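Below is one structure, written out as structure tokens, with a few remarks after it.
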Amino acid sequence: MMMASLFSDPYKMQTYHYNICGLTVEFPWKIDAFPPSTQAPDAHIRFGQTSPPSQENTRYHGPYCQVAPEHFFLKIDNVAHFMVRDGNLITIEPQGSIDSDSLKTFVMSACLGVLLIQRKQLVLHAAVLKKNAKTVAFGGGPGCGKSTLSALLLKAGASVLTDNIAAIRFDNKATAMALPSFPNIHLWQSSLDKLALAGYTPKKLRPTLNKYAIDVSTDFIGSPQPLSSLCILSPWNKKEIQLETITGAEKIFQLTNVSFRTKITRGLGLDKLHFKHISTLSQTINIVRLSYPQDWTFNHTVINYIDEYLFN
Amino acid sequence: MKNIVWLASFPRSGNTWLRYVICSLLDEVNEARIDTNPTLHCANRKAIEETLSFSVSLLSVEEVNNVRPAIYRQWSREWTQESPLLIKVHDCYATNKNGRHIFPSNVTQAAIYLVRNPLDICVSYAHFWGLDNYDEAADLLCNKTHSLPASNTDLFGQIYQHIADWSTNVDSWCNQSAIPVKVVKYEDMKHAPLDTFSSIVKYLNLPYAEDEIQAALQHCDISKLQQQEADIGFRDRPYGGDKFFRQGKTNTWRDKLAQSTADKIVNCHNVMMRQFGYLNDDGQPI
């Protein structure tokens with residue numbers, strides 16, 4: 000579906016409500032497999048005009064984004080301009096004849112995390128899975144293998160709360176709750192081929208990209224879960240697996256590293272709150288670093304290791 | 000502001016060693032630590048995505064190359080130190096589909112380009128990738144589509160970089176005129192380290208005397224880097240080989256490469272090997 004026609008007639012559009020990260024979000028599209036909500040929306044995704052924040056309010060000016068308190072503006076050439084305001088509105092201004100799958104992909108990755116930060120939530124770049132009553136977040140640098148590991152753990156009997164954007168809510172100082180996002184895992188074609196996932200339906204994220212969203216609804220947990228551990232994925236070139244507990248100030252360093260878009264958080268003026276959140280989280284959960292060879296022949300051993308030491 | 004210095008080379012040409020030595024000088028440290036990156040890498044996904052505010056894994060290679068100049072201009076703007084911003088590069092010096100240089104000249108102070116005998120790179124590269132034989136490494140050195148990571152779908156912390164074959168990579172940096180470049184031979188770094196590193200320091204207008212450079216060379220001695228790798232491993236760069244810091248020697252190819260493999264490399268890179276003195280007038284390796 001091309002977006003120009005939708006944009007020109009936005010008021011006639013049907014909307015759909017889904018439960019995402021503890022919020023009811025109103026979408027301009029129907030999205031198969033997303034958990035529906037009957038509640039009044041907490042946040043809206045709409046087509047419309049976008050604009051950057053004023054120069055005097057802008058606290059971070061990147062090459063493609065401008066950030067001010069309560070106002071995030073992102074410009075992606077030949078895709079769309081996006082604006083996230085006040086923690087409750089994502090506005091999309093499509094560019095050219097961009098397809099709806101590309102728009103959804105950027106909204107759910109780049110914009111959703113910002114909206115959650117604006118709502119003063121802690122957001123980690125992490126996959127969260129549950130097995131044997133233990134809920135574990137897996138974080139690390141981009142490309143460290145979070146999604147592939149999620150798929151492998153799924154095959155080994157774990158359930159998924161989120162693949163990439165982990166919103167954390169503190170019910171009290173002793174409990175950090177991981178909120179479920181949506182039942183998708185994003186995988187490249189090459190990983191899909193190697194994983195041989197049976198019974199899951201892949202859908203291209205963008206028409207021009209060999210990366211797919213895998214619908215994992217049947218293994219999705221739709222309710223918040225108490226987070227027990229954060230596992231930092233750290234592939235190395237040794238042929239062995241090592242799990243070490245992170246302690247002291249290193250916990251803060253690692254939590255900062257896996258936090259979603261720290262430059263944007265600073266631009267939104269929420270860096271002090273973010274520090275408070277990660278300080279609380281550092282005292283609430285166990286943080287470990289898993290060092291392992293990024294070699295498919297080791298996958299079975301890595302999964303067994305995680306089962307034994309983190310999901311038990 | 001022209002504050003970026005690109006530390007460029009084909010892989011396995013001494014780039015990491017150069018970065019550790021210069022950063023040892025700039026940071027005034029007594030020991031190079033391999034568990035921290037000495038400089039930014041132009042392909043560092045985390046740094047790029049923080050700057051972009053979205054994931055590059057949602058873009059095609061062409062789209063990524065189109066945003067790269069703006070990313071490096073942003074890094075240049077955000078660099079507040081007096082010393083230059085050193086950035087490691089293995090890409091060819093190239094333009095993107097928008098016709099813009101990926102490494103923009105208007106924020107570039109200079110480039111240091113390291114050249115190493117491709118016959119020795121072949122030996123090192125085979126171990127780096129964990130290949131079964133040297134001939135496979137020779138094929139990579141001769142492959143005009145050679146990239147790092149090997150495909151756009153296996154990014155592990157770096158964006159896709161077009162390395163190309165050895166000659167194309169060398170030629171793209173050494174024979175361009177858009178940015179000033181100092182060409183340094185790896186063999187000179189090995190056999191005359193103090194003179195060679197001093198000339199680099201002088202070229203970059205860095206305020207260090209010979210005794211400081213000598214101390215930095217000692218801090219970054221390969222035996223120390225090898226020992227650290229044995230102790231703590233080399234993280235987040237999980238290439239196929241088991242060691243990143245191997246021998247660093249020159250002329251090892253004579254004992255390792257089959258004649259047919261050496262011939263393949265010489266035939267493929269004859270012109271550039273002659274330009275840099277790796278072949279004699281008869282076309283034989285020196």
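Chains as they are written, first to last, in numbering that gives the first Met the number 0: chain A, 0 to 311; chain B, 0 to 285. Glycine included, C-beta positions come from ideal geometry on N, C-alpha and C. Remember, predicted model here, so these are calculated numbers, not experimental data.
- Residue 201 of chain A is bridged by DSSP to A/213.
- Secondary structure within the stretch 219-277 of chain A: the beta strand (DSSP E) runs of 3 or more consecutive residues, fully enclosed, are 228-235, 241-244 (chain order).
- Beta-carbon to beta-carbon, residue 169 of chain A and residue 279 of chain A are separated by about 6 Å, close enough to satisfy the 8 Å threshold.
- Taken in chain order, the members of the stretch 252-264 of chain A whose beta-carbon sits within less than 9 Å of a beta-carbon on chain B are 256, 260, 261, 262, 263.
- In terms of beta-carbon proximity, residue 67 of chain B stays away from the interface with chain A, with every pair separated by 8 Å or more.
- Put simply, the CB of residue 118 of chain A is far from chain B, with every gap to its CB atoms at 8 Å or more.
- Separation of residue 214 of chain B and residue 199 of chain B (C-alpha to C-alpha, rounded to the nearest whole angstrom) is 16 Å.
- DSSP places residue 266 of chain B inside the alpha helix (DSSP H), whose first and last residues are 258-274.
- When 7 Å is used as the limit between beta carbons, residue 45 of chain B is near these residues of chain A: 140, 141, in chain order.
- Look at the stretch 197-222 of chain B and you find these whole runs of alpha helix (DSSP H), each 4 residues long or longer: 209-218.
- Selection B/87, B/159, B/179 evaluated against residue 105 of chain B yields B/179 as nearest (Cα-Cα).
- Here the stretch 149-167 of chain A makes contact with the stretch 176-194 of chain A; the two share three or more CB pairs at distances below 8 Å.
- Judged by beta-carbon spacing, residue 213 of chain A lies beyond the 8 Å limit of residue 301 of chain A, meaning their Cβ atoms are not closer than that value.
- For residue 62 of chain A, the chain B residues whose Cβ falls inside 8 Å of its Cβ are 50, 51, 66, 69, 70, 72, 73, in order along the chain.
- Think of a sphere of 8 Å around the beta carbon of residue 54 of chain B: the chain A residues whose beta carbon falls inside it are 108, 109, 141, in chain order.
- Here the C-alpha atom of residue 236 of chain A lies approximately 26 Å from the C-alpha atom of residue 210 of chain A.
- For the pair of segments examined, the stretch 252-270 of chain A was found to touch the stretch 51-70 of chain A: the number of CB pairs separated by less than 8 Å reaches three.
- Minimum Cα-Cα distance from residue 208 of chain A among the listed residues A/128, A/139, A/188, A/54 corresponds to A/188.
- Among the residues facing chain A, residue 57 of chain B is included, as its CB has a counterpart in that chain under 8 Å away.
- The Cβ atoms of residue 216 of chain A and residue 182 of chain A lie closer than 8 Å to each other.
- Residue burial annotation: residue 188 of chain B is buried, with at least 16 other C-beta atoms found within 10 angstroms of its C-beta.
- Counting only runs of 3+ residues, no beta strand (DSSP E) is found wholly inside the stretch 98-123 of chain A.
- Straight-line spacing of the CA atoms in residue 15 of chain B and residue 73 of chain A works out to 35 Å.
- As computed with DSSP, residue 92 of chain B is found in no beta bridge at all.
- Contact of residue 247 of chain B with chain A is not assigned, every C-beta pair being separated by 8 Å or more.
- Assignment of beta strand (DSSP E) within the stretch 57-112 of chain B, counting only whole runs of 3 or more residues, yields 84-88 in chain order.
- Taking C-alpha positions only, residue 155 of chain A is separated from residue 126 of chain A by approximately 16 Å.
- Residues of chain A with a Cβ closer than 7 Å to the Cβ of residue 156 of chain B are, in chain order, 140, 141, 142, 143.
- Below the 7 Å Cβ cutoff, chain B contributes 57 as neighbours of residue 104 of chain A, in chain order.
- In this structure, the CA atom of residue 266 of chain A is about 12 Å from the CA atom of residue 55 of chain A.
- By the criterion of a C-beta distance shorter than 6 Å, residue 243 of chain A is surrounded in its chain by 288, once the five residues flanking it on both sides are discounted.
- Listed along chain B are 59, each with a C-beta nearer than 8 Å to that of residue 207 of chain A.
- Exposed is the label assigned to residue 61 of chain B, since fewer than 16 other Cβ atoms lie within 10 Å of its Cβ.
- Taking residue 184 of chain A as reference, the option from A/167, A/218, A/206, A/57 with the minimal CA-CA separation is A/218.
- Residue 209 of chain B counts as exposed, since fewer than 16 other beta carbons sit within 10 angstroms of its beta carbon.
- Going by DSSP, residue 6 of chain B is part of the beta strand (DSSP E) stretching over 3-8.
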